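Enquirer:
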Amino acid sequence: MVDDIKILVVDDERVVIRSVEMVLKAEGYDIEGASSGKDAILKMEQNNYNLVLTDLNMPEMDGITLIRWLRQQKPETGIVILTGYPSQETIKEALELGIIDYVPKPFTPAVLLDVTQRAIEWLRKRGVVEEKPTEEFPPSMLDEIDRVIKQYKEIPGSSIPVLQRCQQIVGYLPPHVQKRIAKGLNLSPAHVHSIVSFYSYFTMKPRGDHNIRVCLGTACYVKRIEESLNKLKQELKIDVGDVTEDKKFSIEVVRCLGACGLAPVIVVDEETYGAVTPKKVAEILEEYA
Amino acid sequence: MEKYRANLLLCAGTGCVATGTPKVRDALKAELEKQGLADEIKIVLTGCNGFCAEGPVMLVYPEEIFYQKLTVNEIPKLVEEHFLKGRPYEKLMFKDIEKKHAIPLMNDIPFFKLQVLRVLRNKGMIDPESLDEYIARDGYTAAATALNEMTPEEIIKVMKDSGLRGRGGAGFPTGLKWEFASKSQADQKYMLCNGDEGDPGAFMDRSVMEADPHSVIEGMIIGAKTIGASKGVIYVRAEYPLAVERLQKAISVCLDSGLLGENILDSGFNFNLEIYLGAGAFVCGEETALMRSIEGQRGMPRPRPPFPAHKGLWDKPSVLNNVETLAQIAPIILNGADWYRSLGTEKSPGSKVFALTGDIRNVGLVEVPMGIPLKTIIYDIGGGVNKKKKKFKAVQLGGPSGGCIPQELIDIPVTYEDIVKTGAIVGSGGMVVMDEDTCMVSTAKFFLEFTADESCGKCTPCRVGTRVMLDMLTDITEGRGKEGDIETLQDLSKDIIATSLCGLGQTAPNPVLTTIKYFGHEYEAHIKEHWCHAGICSDLCSFHIVDDLCKGCGACMRGCPSNAIVGEKKKPHRIIQELCLQCRSCYDICKFGSIEIRPALETKPEPAVKDEEVTT
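Sequence order for the protein chains is A and B. Everything in the first sequence is counted per the numbering used here, starting at 920 for the first residue and increasing by one. Everything in the second sequence is counted per the numbering used here, starting at 3 for the first residue and increasing by one.
#1: Is the CB of Trp-533 of chain B under 9 Å away from at least one CB in chain A?
#2: Is there at least one Cβ from chain B nearer than 9 Å to Val-1141 of chain A's Cβ?
#3: Taking the beta carbon of His-103 of chain B as the centre, do at least 16 other beta carbons fall within 10 Å, making it buried, or is it exposed?
#4: Residues of chain B with CB under 7 Å from Ser-1107 of chain A, in chain order?
#5: Against chain A, which members of the stretch 278 to 290 of chain B pass a CB distance test of less than 9 Å?
#6: Output, in chain order, the set of chain B residues within a Cβ distance shorter than 7 Å of Ser-1078 of chain A.
#7: Give every residue of the same chain whose Cβ lies closer than 8 Å to the Cβ of Ile-158 of chain B, excluding the five residues on either side of it in the sequence, and list them in chain order.
#8: Opposite Lys-159 of chain B in the DSSP bridges: which residues?
#9: In the stretch 347 to 376 of chain B, which residues sit with their C-beta less than 7 Å from some C-beta in chain A, listed in chain order?
#10: Please check if any C-beta of chain B sits within less than 9 Å of the C-beta of Pro-1052 of chain A.
#11: What does the alpha-carbon distance come out to for the pair Gly-17 of chain B and Asp-590 of chain B?
#12: Given this structure, state the Cα-to-Cα distance separating Leu-119 of chain B from Pro-415 of chain B, to the nearest angstrom.
#13: In angstroms, rounded to a whole number, what distance separates the CA positions of Pro-1052 of chain A and Ser-1078 of chain A?
#14: Taking the DSSP output, what are the residues bridged to Ser-353 of chain B?
#15: Using a C-beta to C-beta distance shorter than 9 Å, which residues of chain A count as neighbours of Tyr-242 of chain B?
#16: Would you kindly check if the distance between the Cβ of Leu-122 of chain B and the Cβ of Leu-328 of chain B is under 9 Å?
#17: Could you tell me whether the stretch 22 to 33 of chain B touches the stretch 1191 to 1207 of chain A, using the rule of 3 or more Cβ pairs below 8 Å?
#18: Take Leu-519 of chain B and list the residues in its own chain whose beta-carbon comes closer than 7 Å to its own, dropping the five residues that flank it on each side.
#19: Give me the Cβ distance between Leu-249 of chain B and Ile-277 of chain B, rounded to the nearest whole Å; I'm assuming they're in contact under 8 Å.
#20: Should Gly-260 of chain B and Asn-272 of chain B be called a contact, given that it needs their Cβ atoms to be closer than 9 Å?
#21: Can you pull the DSSP bridge partners for Ile-998 of chain A?
#22: Determine, using beta carbons only, whether Leu-39 of chain B and Leu-86 of chain B come nearer to each other than 9 Å.
#23: Would Ile-67 of chain B and Pro-106 of chain B be called neighbours here (beta carbons separated by less than 9 Å)?
#24: Note down, in chain order, every chain A residue with its Cβ under 7 Å from the Cβ of Cys-54 of chain B.
#25: Work out the CA separation of Arg-1099 of chain A and Asn-51 of chain B for me, nearest whole Å.
#26: Taking Met-436 of chain B as the query, report the chain A residues whose CB atoms sit under 8 Å from its CB, ordered along the chain.
#27: Mind listing the chain B neighbours of Gly-1193 of chain A? Cutoff is C-beta to C-beta under 8 Å, in chain order.
#28: Give me the Cα-Cα distance between Lys-460 of chain B and Arg-987 of chain A, rounded to the nearest whole angstrom.
#29: Should Leu-275 of chain B be counted as a contact of the ligand MN given a C-beta to heavy atom distance under 8 Å?
#30: Please classify Pro-1052 of chain A: does DSSP put it in a helix, a strand, or coil?
#31: Tell me where the beta strand (DSSP E) around Met-436 of chain B begins and ends.
#32: How would you write the range of the alpha helix (DSSP H) that Ser-1119 of chain A sits in, first residue to last?
#33: According to DSSP, Cys-13 of chain B sits in a beta bridge with which residue or residues?
#34: Along chain B, which residues have their Cβ under 9 Å away from the Cβ of Val-1173 of chain A?
#35: Consult DSSP for Val-616 of chain B and reduce its assignment to one of helix, strand or coil.
#36: With a threshold of 9 Å between beta carbons, is Phe-448 of chain B in contact with chain A?
Given below as C-alpha cells:
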C-alpha cells in the first residue's frame, strides 16, 4: 500500500530522525534523514521525495528557507512541519507557503503516523502521489482469505494454519495481508508478524513463476551443492531470496528436503531433481525457459 | 480377492519418484497389458524401500528378486525376459562391486542382508495407502490388545521392560515418559507425534510416514490409551507433502473403520487425531517449542520443569514421541519386552534406523541392531566410500547437534553411550560419510551456519555465541585466522553449552569441538600455514601439477573454466597460478592424481604478467 512513498526527515537532532524512522519504516515507508537544510537540498537534488517532514529551527539554513526553496523547485512535494517552538508567526508564514500540516514536538508515534497518513491521503487526492491500487489482488482472492479466516476463527492456535493457507492463496504474505489476517483472527498485527518472521516457510516477498529451492542439508553439502547454487545465481543473475526481473524464477535455500539419497538436490516448484551438477542446473533451467 | 502370479513392488518413495518411478510405472503397465499379463501380474506402489541410491527400485514377489535403476527403455525387455520367458533379467540387478556378478535376491545384497527390519518392517512391502495390507501384516492387532486387554500400568510395564528409548535424539526412556503423563491428573491430555524431522541428513521419519503411516497411528493409539489422552496431534514438516497426504488418508480411513474417533474397537476408548503442519523452524524439534508452535506462537523453548508430562500443550499433560519411536510400539506390545531386548545392548536395546548419505556407495535408509560396529554399517552395508581411490575420513553423526567420528574410532559399537563418549550423539540417526576431500573446518562452519541461523534467539549465549563462533570460523577458512583462535573457540563452546536453555544451544558447539578434537591439525594448518589440505577453502590453497605423474592427457586443460592450464600433448602440463581460481576442477578430473594441493601462494603476481606468460 505504502511501498512507493519516499519521505525525507530534516532535523538537526539525530534522535528525532531515528524516532521518525522507527515509527514510519515499520509501516513500510521509505525514510531518509537529513541533518540540515543544506543537506536536505543536496538530497532532494538527487532524489524525489513525496513528503518532507522538517524542523524549523536549525543551524545553517532554517526550515522556512528550506520550505521556500521547496515551493519553487519542487512544488509537488508535500511538506509537514515538526517543531518544538511553534510561534504564531512562523506557522502563519509556513501555512501561507502551503504546508499540509504540523506536528508539535514531542509527539507520540500515533500522532506522527496519523499526520503522515493524512498528508499522503491529501497528496493522493490532488493526484500528486499516484494512487496505487490499494489491493493488488483480485477481490476473489480476498474473499478466499476471509473464508479461511472464518473457518479457523474459533479454533485456538490457528494462526499458523491460516497463514499457510493464505500464503498458498496469495503466494506471499505482504504487510496488508498480514493485517487483514490479524484483524480477522482478533490478534495484533505484531503477533502475526512475529510468526511470519520466525518460520522459514513464510515469505514476505513474492516468488517467481518457478520457485527453485536449493537444499543445504549435510548430504547435499558434502556433495558440493554450493557449486550448483553459485551456477544458479550466475545464470539467473539474482541472489538467494530474489526474483528475476521477468518474474520467472526465484531462488530459495532450504534446510534438508529429506531426499538425501539423491544429494545434491534442488526442487523446482514441486519437482525434485537429484544428483545436480552445475552443468545439470543449466539444463534444468532450460526446461522451464 | 483376485490372486496374482506375481506382485511388482515398485518403490514410490520420494527418491525413486524423483528418479523416474511414475514413468516406469506407466511403461510397466502398458507393457504388461500389451503382453496380456495384466490379470496375472499386479503393480503395487510402495513406500520408500530404503535403497535410494539405486532408484527406481522394484521387488518382484514372491521370488524376491530385486531390480534397480529401472528405465522406461528397459521395461519391454524386462517383461519379456522375466515374465514371459521366466528368466530373471540380470542387466538390472545389483552387481557385486569386485566380482561384478549379479545378485538376484534382495536379501543376498549386503545392503539388505545385515539389516533387521522392525521399524521398517513394512517398507516396500505394502501399499501405504491400503489399510487392508497393513492389517494383513498384523496391523492394529497390538492396538486391539492394548485397548481391550491391557491396563495402562501393564502397557507401561512392557514399555519399561523393553527399555525402548526415544528415537528423536535424546534417548529418553519411552516407558518412563508415558508413566509420568499417565499419573498426571487432568481433564484433558494430549498424545503428540513429532514428525518435524529437522536434522539435515536424516530422512527416516519421512520414510516411515510415507511408507507405513498406519504404524505411527497405531503407536499413537496405544500411547493415548496409556496416558489417557483423547486428543492427538501429528506435527509434520510442510516440506514433506507426500507424508502429509499419506497420513491424512490413513487418518480418514481409520475414522471410517472405527480405528479412530469414538469407541475405538468397541473398547469405549475415544481418540481423535489431527495433523498440524510445521512451518519450518529447526528449534521446533524441541518439545516445549513444538507445543508453543501448535498453540500458534513462535516456537521458542521454555524452561523445564514443569515438564510436558505435567504441563504441556495448552498447559495440559502431554506426551511427545518421535515417529520412529511410535512405529516400534505395536511390535513391542505384540511380541513382548524380551523379544525387543533380543537385539541391541543392555542400555541401548532394539534396533535403530540410520540415514546413510554423503560420500558412500550405498546411500539409503538402514535399520540395524544397536551395538553393531560403526565399521559394519559403513563398509559392509554402505559399501565404503563411493569413489574408488578416495579414503574414508570421518562420519558425521547426529546432525548439527552431533559430531564427526574419525577413522581411528570406526570400530566402536553404535549405542547411545559409546557414541556420546566420542563427542558425537546418535541423535535422530543421520550418518553422513565424508571422504578425504572434505575440509573439516569448513564442515564445522557449515553446521554452525545452520545453528546460528536456526537459533530462536531466546538465549543470548546461543544467539550471539554461535554467531561469534561462525565469524571466527569464517575468518579461519578465509585466511584471517589468528593464533589462539582454537582455544577461544573451545572456551566459547563451553560457555554456550553451559548457559543455553534447550538442546539446540547445548549441542550446537559439538561439531566444532569434535573436529578440533580429532582434526585439530587441520585448524592449525589453516591458521598457521594458510593451507587447506583438502583444497576446499579457495583462499588457502594452490594447485600444482606434479611433472612425474602428469601424462599430458589434456583432460584438466579442457575442464579448466579459466584456461589456466597450459602444456603440450603427452608432456607435463603447468598451471598458471595468476589465472587459477582454485575451483578444484582439475583436481577432480585428473585420473592420475597428478594435481597437488599446496598452501596458498604468499603473494599472487599481478595479472598483468599473465599475458606474456600465456603467449610464450
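Beta carbons: idealized from backbone N, C-alpha and C, even for Gly. Computed from a prediction, not measured in an experiment: that's the story for all the values here.
Expert: With the given structure in hand:
#1: Numbered from its first residue, the second sequence carries residue 533 of chain B at position 531. No, because no Cβ of chain A sits closer than 9 Å to the Cβ of Trp-533 of chain B.
#2: As a first step, residue 1141 of chain A must be located in the first sequence, where it is residue number 222. In terms of beta-carbon proximity, Val-1141 of chain A lines the interface with chain B, with at least one pair separated by less than 9 Å.
#3: Taking the first residue of the second sequence as 1, we reach residue 103 of chain B at position 101. So His-103 of chain B counts as exposed.
#4: Taking the first residue of the first sequence as 1, we reach residue 1107 of chain A at position 188. Below the 7 Å Cβ cutoff, chain B contributes no neighbours of Ser-1107 of chain A, its closest Cβ being approximately 13 Å away.
#5: So the close ones are Tyr-278, Leu-279, Gly-280, Ala-281, Gly-282, Ala-283, Phe-284 and Cys-286.
#6: Locating residue 1078 of chain A in the first sequence gives position 159, where the first residue counts as 1. Going along chain B in sequence order, the residues near Ser-1078 of chain A (Cβ under 7 Å) are Gly-298.
#7: The residue you call residue 158 of chain B lines up with position 156 of the second sequence. Excluding sequence neighbours, Ile-158 of chain B sits near Gly-177, Trp-180, Glu-181, Ser-184 and Thr-228.
#8: Here the question's residue 159 of chain B lines up with position 157 in the second sequence. DSSP lists no partner for Lys-159 of chain B.
#9: Within the stretch 347 to 376 of chain B, Ala-357, Thr-359, Gly-360, Asp-361, Val-365 and Gly-366 place their CB atoms closer than 7 Å to a CB of chain A, listed in sequence order.
#10: Start at 1 with the first residue of the first sequence, and residue 1052 of chain A comes out as number 133. Here Pro-1052 of chain A scores only 49 on pLDDT, less than 50, and its place in the model should not be relied on; the value that follows carries that caveat. Chain B, which has no Cβ nearer than 9 Å to the Cβ of Pro-1052 of chain A, makes this no.
#11: For the purposes of this step, residue 17 of chain B is identified with residue 15 of the second sequence, where counting begins at 1. For the purposes of this step, residue 590 of chain B is identified with residue 588 of the second sequence, where counting begins at 1. Their Cα atoms are separated by approximately 26 Å.
#12: Stepping through the second sequence from its first residue, residue 119 of chain B is reached at position 117. Stepping through the second sequence from its first residue, residue 415 of chain B is reached at position 413. In this structure, the alpha-carbon of Leu-119 of chain B lies about 19 Å from that of Pro-415 of chain B.
#13: For the purposes of this step, residue 1052 of chain A is taken as the residue at position 133 of the first sequence. For the purposes of this step, residue 1078 of chain A is taken as the residue at position 159 of the first sequence. Confidence in Pro-1052 of chain A is poor, its pLDDT being 49 and thus under 50, which makes the residue's placement unreliable; the coordinate value appears in the next sentence. Straight-line measurement puts the Cα of Ser-1078 of chain A at about 27 Å from the Cα of Pro-1052 of chain A.
#14: Counting from one through the second sequence, the residue named residue 353 of chain B turns up at place 351. B:Pro-371, per the DSSP bridge assignment.
#15: Here residue 242 of chain B refers to the residue found at position 240 when the second sequence is read from its first residue. Neighbours of Tyr-242 of chain B across chain A, judged by C-beta separation under 9 Å: Leu-1176 and Gly-1177.
#16: Translated into the one-based positions of the second sequence, residue 328 of chain B becomes position 326. Translated into the one-based positions of the second sequence, residue 122 of chain B becomes position 120. No, the Cβ-Cβ distance between Leu-328 of chain B and Leu-122 of chain B is not below 9 Å.
#17: Here the stretch 22 to 33 of chain B makes no contact with the stretch 1191 to 1207 of chain A; the two share fewer than three CB pairs at distances below 8 Å.
#18: The residue given as residue 519 of chain B occupies position 517 in the second sequence. It is worth fixing the name first, because residue 519 of chain B is Lys in this sequence and not Leu. Cβ within range, chain order: Gly-425.
#19: Counted from its first residue, the second sequence places residue 249 of chain B at position 247. Counted from its first residue, the second sequence places residue 277 of chain B at position 275. With a Cβ gap of about 6 Å, Leu-249 of chain B and Ile-277 of chain B count as contacting.
#20: Along the second sequence, one-based indexing puts residue 260 of chain B at 258. Along the second sequence, one-based indexing puts residue 272 of chain B at 270. Gly-260 of chain B is not a Cβ neighbour of Asn-272 of chain B, given a cutoff of 9 Å.
#21: Residue mapping note: residue 998 of chain A aligns to position 79 of the first sequence, counting from 1. Ile-998 of chain A is bridged by DSSP to A:Val-971.
#22: If you number the second sequence from 1, residue 39 of chain B lands on position 37. If you number the second sequence from 1, residue 86 of chain B lands on position 84. For Leu-39 of chain B and Leu-86 of chain B, yes; Cβs fall inside 9 Å.
#23: Counted from its first residue, the second sequence places residue 67 of chain B at position 65. Counted from its first residue, the second sequence places residue 106 of chain B at position 104. Using a Cβ distance threshold of 9 Å, Ile-67 of chain B and Pro-106 of chain B count as a contacting pair.
#24: One-based indexing of the second sequence puts residue 54 of chain B at position 52. Neighbours of Cys-54 of chain B on chain A, chain order: Gly-1180 and Leu-1181.
#25: If you number the second sequence from 1, residue 51 of chain B lands on position 49. If you number the first sequence from 1, residue 1099 of chain A lands on position 180. Cα to Cα, the separation comes out at about 45 Å.
#26: As a first step, residue 436 of chain B must be located in the second sequence, where it is residue number 434. Residues of chain A passing the Cβ test: Val-1141.
#27: For this step, residue 1193 of chain A is matched to residue 274 along the first sequence. Those within 8 Å of Gly-1193 of chain A in chain B are Gly-17, Ala-20 and Thr-21.
#28: Within the second sequence, the letter at position 458 stands for residue 460 of chain B. Within the first sequence, the letter at position 68 stands for residue 987 of chain A. When rounded, the distance between both Cα atoms is 51 Å.
#29: Looking at this structure, you won't find the ligand MN or any other ligand, since it has none at all.
#30: In the first sequence, residue 1052 of chain A corresponds to position 133, counting from 1. Because the pLDDT at Pro-1052 of chain A is just 49, under 50, the model does not fix this residue reliably, and the value given afterwards should be weighed accordingly. In the structure shown, Pro-1052 of chain A sits in coil (DSSP, three-state: anything other than H, G, I, E or B).
#31: Stepping through the second sequence from its first residue, residue 436 of chain B is reached at position 434. Here the beta strand (DSSP E) through Met-436 of chain B covers 432 to 437.
#32: Taking the first residue of the first sequence as 1, we reach residue 1119 of chain A at position 200. Counting along the chain, Ser-1119 of chain A falls outside any alpha helix (DSSP H), and DSSP gives it neither H nor E.
#33: In the second sequence, the residue the question calls residue 13 of chain B occupies position 11. For Cys-13 of chain B, the beta-bridge partners assigned by DSSP are B:Thr-48.
#34: The residue you call residue 1173 of chain A lines up with position 254 of the first sequence. Here the neighbours are Glu-241 and Gly-282.
#35: As a working note, residue 616 of chain B is residue 614 in the second sequence. The pLDDT assigned to Val-616 of chain B is 44, lower than 50, so where the model puts this residue is not dependable, and the model offers no usable value.
#36: Residue numbering aside, residue 448 of chain B sits at position 446 when the second sequence is read from its first letter. Phe-448 of chain B counts as touching chain A.
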